[in-house]
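Presented below is the structure to which this report refers.
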Amino acid sequence: MHGTFANSQYIGKIVEVKIDRQLGSRHPDFGYVYPVNYGFIPETTAEDGEELDAYVLGINEATTSYIGFVTAMIHRLNENDDKLVVVPDGYILTDEQIRELTMFQEKYFESMILREPLV
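Those letters in the sequence shown? Residues 754 to 872, by my numbering.
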C-alpha cells in the first residue's frame with residue numbers, strides 16, 4: 754500500500770516491534786542516547802524502502818521486542834519516513850507528551866501526529 758498516509762493503517766492495531774535501539778543505548782552514528790526503546794515492525798515496508806520504524810513509549814526498561822498498541826503515527830513532512838507510536842494497551846499519551854518523548858530524534862524534522870488512519 755502506497756500513498757501519503759499509507760502507514761496510518763496501523764493506528765489502532767496491536768503490533769510487534771523488534772527493538773534494535775534499546776532504551777539507554779547509543780546511536781551508532783550520532784552518539785545520542787535513546788531515552789525510549791526504538792525499533793521496527795518486521796515484514797513491513799515503509800515509504801523509504803526500510804521496515805516501518807516505531808517508538809515504544811510507556812515502558813521504562815530496555816527490551817528486544819515488544820507487543821503493543823499503535824496509538825499514533827508521526828508523519829514527517831520533510832522526509833519520507835513515518836514512525837509509529839506504540840504503547841501498552843490502554844496507555845494514554847497526549848500529542849504534547851509524544852512530542853516530548855520523541856524530541857531527542859524528531860527535533861530534526863517537521864512532522865505531524867496522526868491519531869486516525871488516513872488511507
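Where is the CB? At the ideal position from N, CA and C, for every residue including glycine. Every value quoted in this text rests on a predicted model; they were computed, and no experiment measured them.
Under the three-state DSSP convention, the category residue i falls into
{"i": "Tyr819", "result": "strand"}
{"i": "Glu804", "result": "coil"}
{"i": "Ile851", "result": "helix"}
{"i": "Glu832", "result": "coil"}
{"i": "Glu869", "result": "coil"}
{"i": "Glu769", "result": "strand"}
{"i": "Phe758", "result": "coil"}
Residue i to residue j span [Cα, whole Å]
{"i": "Thr855", "j": "Leu837", "result": "11 Å"}
{"i": "Met754", "j": "Asp782", "result": "Because the pLDDT at Met754 is just 40, under 50, the model does not fix this residue reliably, and the point stays unresolved."}
{"i": "Lys771", "j": "Asn813", "result": "16 Å"}
{"i": "Val809", "j": "Glu869", "result": "18 Å"}
{"i": "Ile764", "j": "Val840", "result": "11 Å"}
{"i": "Pro795", "j": "Gly843", "result": "23 Å"}
Those residues which DSSP pairs with residue i across a bridge
{"i": "Tyr791", "result": "Arg774, Tyr808"}
{"i": "Ala799", "result": "Bridge partners of Ala799: none, in fact."}
{"i": "Ile845", "result": "None; Ile845 has no bridge partner."}
{"i": "Met826", "result": "Leu837, Leu867"}
**Study point:** Cβ contact check for the segment 842-862 and the segment 814-826: 3 or more pairs under 8 Å
**Key:** The answer is yes - the segment 814-826 touches the segment 842-862, with three or more Cβ pairs under 8 Å.
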